[in-house]
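Asker: In our numbering, the protein residues as written are 185 to 280. Every residue gets a Cβ at the ideal spot worked out from N, C-alpha and C, and that includes glycine. Dumping the structure here so I can ask a few things about it.
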């Protein structure tokens with residue numbers, strides 16, 4: 185049954201479902217899906233959210249939320265993993 189459910193939901197579908205879940209759970213504006221990956225029990229999706237709009241926009245506060253979905257797209261768990269000012273996110277490259 186899990187194999188059948190896994191085939192029924194693509195990464196794109198998982199991303200769309202995650203955006204809908206974030207919109208239902210928090211009052212902030214989802215900006216983009218930054219990653220989608222299959223995991224043992226479903227999908228792990230990371231969504232960037234605009235938490236605090238400021239002027240100028242370069243001072244906006246953004247956050248990353250991690251959502252765990254089952255193979256049917258139902259929400260299993262979510263958490264905010266990072267909060268940062270726009271333009272100050274860790275790029276992971278280690279190069280300036």
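Under three-state DSSP, which class holds residue 194?
Answerer: Residue 194: coil per DSSP, three-state reduction.
Asker: Exposed or buried, residue 199, counting other C-beta atoms within 10 Å across all chains shown (16 or more means buried)?
Answerer: By the neighbour-count rule (16 or more Cβ atoms within 10 Å), residue 199 is buried.
Asker: Is residue 241 helix, strand or coil when you go by DSSP?
Answerer: Looking at residue 241 - three-state DSSP - the assignment turns out to be helix.
Asker: Drop a sphere of 10 angstroms on the beta-carbon of residue 256, count the other beta-carbons inside from all chains shown, and report buried for 16 or more, exposed for fewer.
Answerer: Per the 10 Å Cβ criterion, exposed.
Asker: Considering only the alpha carbon of each residue, which of 252, 271 and 203 lies closest to residue 233?
Answerer: Comparing Cα positions, the closest option is 203.
Asker: Can the beta-carbon of residue 230 be found less than 8 Å from the beta-carbon of residue 218?
Answerer: Contact: yes.
Asker: Name the two residues that bound the continuous beta strand (DSSP E) containing residue 236.
Answerer: Looking at the DSSP string, the run of the beta strand (DSSP E) that includes residue 236 is 226-236.
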